Amino acid sequence: MTTQNKTITHILGYPRIGEKRELKFAQEQYWKGEIDQNTLKAVGNELRQRHWNDQTASGLSYVAAGDFAWYDHVLTTSLLLGHVPARHSNGGFPDLDTLFKVARGQSANSEASSCGCGSSHEESAGAAASDMTKWFNTNYHYIVPEFSQDDNFQVSWPQLFDEVNQAIQAGHNVKPVLLGPLSYLYLGKEVNEEEVENGFNRLYLLARILPAYQAILSKLKALGVEWVQIDEPILSLELEDKWSSAFKLAYQILQGEVKLLLTTYFDSVEDNLAKIVELPVDGLHIDLSASPEQLEAVNNVIPQDWVLSVGVINGRNVWRADLESWLTKLQPVKAQRGDKLWVASSCSLLHSPIDLELEIELSEEVKSWFAFAKQKLNEVSLLGAALDGNSHAVAACSSYSEPIKARLSAEHVNKPQVQQRLNSLTQALVERSAVYSERAHHQAEVLGLPLLPTTTIGSFPQTAEIRQQRSAFRTGKLSEADYEQALKGHIQDAVKRQEALDLDVLVHGEAERNDMVEYFAENLSGFQVTRFGWVQSYGSRCVKPAIVVADIEREKPMTVDWSVYAQSLTSKQMKGMLTGPVTILCWTFPREDITRKQIAQQLAFALRDEVDDLQNAGINIIQIDEPAIREGLPLKKRDHKAYLEWAVDAFKLSAASAKPETQIHTHMCYSEFNEIIDSVAALDADVITIETSRSNMELLKAFEEFNYPNEIGPGVYDIHSPNIPTQEWIIGLLETASKKIPVERLWVNPDCGLKTRNWAETEASLHNMVEAAKTLRKRFQA
Numbered sequence: 001m002t003t004q005n006k007t008i009t010h011i012l013g014y015p016r017i018g019e020k021r022e023l024k025f026a027q028e029q030y031w032k033g034e035i036d037q038n039t040l041k042a043v044g045n046e047l048r049q050r051h052w053n054d055q056t057a058s059g060l061s062y063v064a065a066g067d068f069a070w071y072d073h074v075l076t077t078s079l080l081l082g083h084v085p086a087r088h089s090n091g092g093f094p095d096l097d098t099l100f101k102v103a104r105g106q107s108a109n110s111e112a113s114s115c116g117c118g119s120s121h122e123e124s125a126g127a128a129a130s131d132m133t134k135w136f137n138t139n140y141h142y143i144v145p146e147f148s149q150d151d152n153f154q155v156s157w158p159q160l161f162d163e164v165n166q167a168i169q170a171g172h173n174v175k176p177v178l179l180g181p182l183s184y185l186y187l188g189k190e191v192n193e194e195e196v197e198n199g200f201n202r203l204y205l206l207a208r209i210l211p212a213y214q215a216i217l218s219k220l221k222a223l224g225v226e227w228v229q230i231d232e233p234i235l236s237l238e239l240e241d242k243w244s245s246a247f248k249l250a251y252q253i254l255q256g257e258v259k260l261l262l263t264t265y266f267d268s269v270e271d272n273l274a275k276i277v278e279l280p281v282d283g284l285h286i287d288l289s290a291s292p293e294q295l296e297a298v299n300n301v302i303p304q305d306w307v308l309s310v311g312v313i314n315g316r317n318v319w320r321a322d323l324e325s326w327l328t329k330l331q332p333v334k335a336q337r338g339d340k341l342w343v344a345s346s347c348s349l350l351h352s353p354i355d356l357e358l359e360i361e362l363s364e365e366v367k368s369w370f371a372f373a374k375q376k377l378n379e380v381s382l383l384g385a386a387l388d389g390n391s392h393a394v395a396a397c398s399s400y401s402e403p404i405k406a407r408l409s410a411e412h413v414n415k416p417q418v419q420q421r422l423n424s425l426t427q428a429l430v431e432r433s434a435v436y437s438e439r440a441h442h443q444a445e446v447l448g449l450p451l452l453p454t455t456t457i458g459s460f461p462q463t464a465e466i467r468q469q470r471s472a473f474r475t476g477k478l479s480e481a482d483y484e485q486a487l488k489g490h491i492q493d494a495v496k497r498q499e500a501l502d503l504d505v506l507v508h509g510e511a512e513r514n515d516m517v518e519y520f521a522e523n524l525s526g527f528q529v530t531r532f533g534w535v536q537s538y539g540s541r542c543v544k545p546a547i548v549v550a551d552i553e554r555e556k557p558m559t560v561d562w563s564v565y566a567q568s569l570t571s572k573q574m575k576g577m578l579t580g581p582v583t584i585l586c587w588t589f590p591r592e593d594i595t596r597k598q599i600a601q602q603l604a605f606a607l608r609d610e611v612d613d614l615q616n617a618g619i620n621i622i623q624i625d626e627p628a629i630r631e632g633l634p635l636k637k638r639d640h641k642a643y644l645e646w647a648v649d650a651f652k653l654s655a656a657s658a659k660p661e662t663q664i665h666t667h668m669c670y671s672e673f674n675e676i677i678d679s680v681a682a683l684d685a686d687v688i689t690i691e692t693s694r695s696n697m698e699l700l701k702a703f704e705e706f707n708y709p710n711e712i713g714p715g716v717y718d719i720h721s722p723n724i725p726t727q728e729w730i731i732g733l734l735e736t737a738s739k740k741i742p743v744e745r746l747w748v749n750p751d752c753g754l755k756t757r758n759w760a761e762t763e764a765s766l767h768n769m770v771e772a773a774k775t776l777r778k779r780f781q782a
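Each step along the sequence shown adds one to the number in the UniProt record's numbering, with nothing skipped, and position 690 is 690.
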């Protein structure tokens with residue numbers, strides 16, 4: 001293999017947070033005023049140098065630069081373009097504090113918060129933070145760009161150029177990463193309703209934004225850059241014609257400064273392929289991990305002088321790649337395209353944990369199944385060398401694939417008893433034994449709840465004491481018996497506080513749970529948890545997803561003892577708390593050898609057993625949370641129906657063993673329900689609780705127009721704010737809700753779990769909520 005024919009290897013981006021979450025801790029210290037900006041920047045600099053060195057040491061042809069972000073890469077792009085909301089603009093060029101103000105709000109004491117249900121929200125007493133939403137169908141979040149018809153764009157933020165120059169000066173071969181103009185516009189929103197009513201659409205800003213992109217590419221060329229990775233992930237969507245047609249004009253203007261690698265990921269580009277091949281770019285990256293079937297169509301159509309970059313190393317999961325199989329699949333393409341075939345990660349590796357070698361507690365067998373971000377660098381390089389005909393690399397690819405091939409037939413992975421249960425699944429098992437109208441009658445008799453019953457979503461404040469005791473137990477400083485006794489004390493305290501507040505349906509507070517998904521992963525067979533498997537969700541917020549490694553089953557009850565103990569402390573109804581099958585699936589790293597549907601079904605059977613044991617132990621109300629069911633939607637709308645069918649059936653399977661008198665609740669946090677309202681109704685939960693306080697009950701429109709048949713708890717106050725809602729405010733929201741939903745089917749509750757609030761805020765807010773419900777109860781019954 002000649003040097004000219006050598007396969008180029010690269011990745012689309014690398015995790016920023018550091019192996020021990022160094023960036024997270026530095027950010028939070030800076031926000032608290034404990035370190036200065038120079039110290040914070042020094043941490044970022046050290047991390048970037050380390051990550052570039054890792055990429056070069058692994059043998060990659062290029063290192064990614066410009067992928068580092070202080071919060072998220074879309075917000076970084078906004079500052080690069082000088083596109084800052086007016087309320088956060090200081091009148092000059094933006095700086096790092098500007099970036100944090102846009103992300104976190106203007107107030108100096110604004111704190112990021114998470115409700116514990118996996119969704120993230122931010123609040124500020126000053127100028128409001130910009131909205132945040134999920135990056136396509138991942139659990140990573142970005143700050144949504146805000147667009148108005150008077151917007152202008154100019155290159156105003158030097159971070160990209162400084163970092164590219166820094167990497168070049170350090171001796172690395174650099175490929176800058178840049179979010180493309182169409183995707184940047186598409187992922188934002190118009191913020192002026194009057195402008196929209198008058199016909200303004202953010203796509204109109206394309207002609208205004210392109211000169212800024214030209215200037216960016218020109219500056220990169222001046223630094224000596226040859227290739228730029230320009231990300232246009234919206235090309236994997238079913239785009240409206242006005243958006244897909246805009247690419248040709250945009251890239252005609254952008255061509256010529258540097259070579260452009262048009263980069264897509266997360267799904268197939270076949271829908272837009274006919275327009276892609278007309279673009280004046282120099283190469284195309286496709287995600288073969290998400291959509292392997294597109295390889296032939298893309299390879300046959302794109303021009304021979306284009307680079308074809310194949311994303312075969314999955315950037316969104318932790319599994320070791322089957323390099324031997326990929327080598328076989330790619331060898332004909334290599335023979336055809338020669339050095340025009342590049343090998344890469346499927347997407348940025350920011351969605352992966354960083355270094356598997358830190359996981360010293362994992363067995364050697366389990367470790368042999370995984371590759372974290374650092375290991376994925378070596379996978380890319382090894383596959384590239386094998387495609388170049390290196391005999392040692394070819395042999396290494398074969399041996400590297402052996403562990404994951406062996407596990408395909410391992411009985412401790414593919415458990416006959418679980419397979420047998422899945423094979424027994426019929427539609428009858430998915431349905432409750434009685435329809436809602438009959439169940440509602442039984443539940444009214446058994447539960448004896450008043451009009452407008454009050455409850456909470458599940459979690460109560462995770463105090464410093466709880467966290468310290470959990471840490472002490474895990475490190476062996478606290479015995480299991482002492483830890484259990486401490487948890488019972490926290491449960492007893494939570495029950496007493498709720499009784500004093502006179503809530504109608506109580507919860508045990510979840511003091512024993514570190515996370516609403518990880519807790520179940522630790523208590524179900526078939527999962528592996530890690531110690532350092534952190535990935536960034538947004539800003540300094542990191543999550544540590546568990547990994548589905550084998551068929552899932554419940555070996556013993558997981559929540560029953562805690563719920564039964566809590567029920568023994570009160571004569572009021574105690575609600576059992578479970579996380580639903582789709583949410584557990586969406587917030588973990590799934591297996592790649594079986595379908596997501598099969599994993600959800602396995603989880604549903606395990607949860608079904610837990611529902612059985614809870615109700616048999618006298619727990620008459622059971623909440624099965626599914627906040628992730630909306631975000632699990634595939635990117636292609638044509639794939640929504642099939643997903644929603646099995647997702648809904650998985651929830652129903654988990655709940656269907658409930659007796660008619662057992663009331664099933666579910667909770668969905670910060671979701672747009674309009675497009676899936678029929679599926680939400682199909683869940684057939686007796687009660688659904690949702691967020692509506694921030695939207696002033698606007699989200700109830702979907703339920704009103706659909707004529708939702710079951711009971712609803714529209715969250716009446718925002719738990720992500722430290723503000724205490726007044727009784728008058730809550731009464732006003734409930735009166736609005738009663739005009740949309742019959743009062744007989746309304747519940748009163750906060751909009752999410754209370755894990756991140758303190759007890760003073762919690763009790764004050766819940767007191768006003770309960771008193772507001774009592775006031776309205778008298779009014780409606782008068």
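Don't be surprised by glycine CBs; every beta carbon is placed ideally from N, CA and C.
Note that the structure is predicted; figures quoted are calculated from it, not measured.
- Spanning the alpha carbons of residue 488 and residue 616 requires a straight line of approximately 22 angstroms.
- In this structure, the beta-carbon distance from residue 60 to residue 11 falls below 8 angstroms.
- Only buried fits residue 85, as 16 or more other CB atoms lie within 10 angstroms of its CB.
- Residue 206 and residue 92 have their C-alpha atoms roughly 23 angstroms apart.
- By the criterion of a C-beta distance shorter than 6 angstroms, residue 385 is surrounded in its chain by 393, once the five residues flanking it on both sides are discounted.
- Inclusion of residue 648 and residue 600 in the CB contact set at 8 angstroms is not warranted, their separation being larger than that value.
- Excluding sequence positions up to five before and after residue 40, its CB lies within less than 6 angstroms of the CB of 26, 30, all in the same chain and listed in chain order.
- Residue 176: member of the beta strand (DSSP E) spanning 174-179, first to last residue.
- Residue pairing of residue 9 in beta bridges, as defined by DSSP: 343.
- Residue 54 and residue 740 have their alpha carbons spaced roughly 57 angstroms apart.
- Straight-line spacing of the CA atoms in residue 764 and residue 774 works out to 16 angstroms.
- In summary, residue 552 is buried, with 16 or more beta-carbon neighbours lying within 10 Å of its beta-carbon over all protein chains present.
- With contacts defined as CB atoms closer than 8 angstroms, residue 699 and residue 690 qualify as a contacting pair.
- When secondary structure is reduced to three states using DSSP, residue 569 falls in the coil class, being assigned neither helix nor strand.
- Here residue 141 carries a strand assignment [DSSP, helix/strand/coil].
- In the DSSP assignment, residue 541 is bridged to 538.
- Assignment of beta-bridge partners to residue 711 by DSSP yields 687.
- Under a 10 Å Cβ-count criterion, residue 231 is classified as buried, with 16 or more other Cβ atoms of the shown protein chains found around its own Cβ.
- A contact is defined here as three or more CB-CB pairs under 8 angstroms, and the segment 367-386 meets this definition with respect to the segment 401-409.
- Residue 294 is positioned such that its CB atom lies closer than 8 angstroms to that of residue 268.
- A direct Cα-to-Cα measurement between residue 743 and residue 777 gives close to 9 angstroms.
- Here residue 342 really is in contact with residue 7; their C-beta atoms are around 7 angstroms apart, less than 8 angstroms.
- Segment contact: the segment 703-723 against the segment 649-657, fewer than three CB-CB distances shorter than 8 angstroms; contact not assigned.
- Contact check between the segment 661-669 and the segment 588-603: fewer than three CB pairs, one atom from each, fall below 8 angstroms, which does not count as touching.
- Where residue 410 is concerned, there is no enclosing beta strand (DSSP E), because DSSP gives it neither an H nor an E.
- By the neighbour-count definition (other C-beta atoms within 10 Å, threshold 16), residue 412 is an exposed residue.
- Taken atom to atom, the span from the alpha-carbon of residue 81 to that of residue 212 is near 7 angstroms.
- Distance check between residue 769 and each of 453, 565, 75 places 453 closest, using alpha-carbon atoms only.
- By the Cβ-count criterion, residue 208 is exposed, with fewer than 16 other Cβ atoms from all chains shown falling within 10 Å of its own Cβ.
- Residue 259 carries a strand assignment under DSSP once its states are collapsed to helix, strand and coil.
- Closest in alpha carbon position to residue 345, among 362, 314, 359, is 314.
- Here residue 157 carries a coil assignment [DSSP, helix/strand/coil].
- With a beta-carbon spacing of about 5 angstroms, residue 573 and residue 505 fall inside the 8 angstroms limit used to define contacts.
- Boundaries of the alpha helix (DSSP H) harbouring residue 640: 640-655, taken from the DSSP string.
- Secondary structure at residue 706: helix, using DSSP grouped into helix, strand and coil.
- Inter-segment contact for the segment 144-157 and the segment 185-197 is present: three or more beta-carbon pairs are separated by less than 8 angstroms.
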